Amino acid sequence: MLKYKKAQIGYTLNWGAALILIFIVLLIFVIIALLFINHSNLVNFFEPKNTLIEFQNQHLISKSEIALSEIKEVTSMNTKDFDSYHSKIINLIKLEND
């Protein structure tokens, strides 16, 4: 029974050492990869917030421009055109909700 326990402890220690070695090797690979990455790419990788905010701002600007053009279009319509335009919008909303 004592030999079995010693063998079991040795087996566990061997697996623990193997896992630690694998972790160290992977860490070395990551460090080497980070050394070869261009600094600007590294900055963009860790700080993508600015580009995301810029994209959202551009998207909001384009949405507001579309809304303004639609308002100008609607105000220049007569009653029949407005009714057909309104029904098209309602149908599109219904399609999106389905």
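Under our numbering, the sequence shown has 459 at position 22, and the numbering climbs by one with no breaks. The beta-carbon is built from N, C-alpha and C at its ideal position, and this holds for glycine as well. Just so we're clear, the structure is a prediction, and the values are computed from it rather than from any experiment.
Check: Rounded separation between S471 and I459 - CA only; Outcome: The sequence given here has Leu at residue 471, not Ser. Each residue's alpha carbon lies about 18 Å from the other.
Check: Residue-chain proximity (L532, chain D), Cβ-Cβ < 9 Å; Outcome: Reference to chain D is not applicable here, since this structure consists of a single protein chain.
Check: Between the CA atoms of I461 and I468 - distance to the nearest angstrom; Outcome: 11 Å
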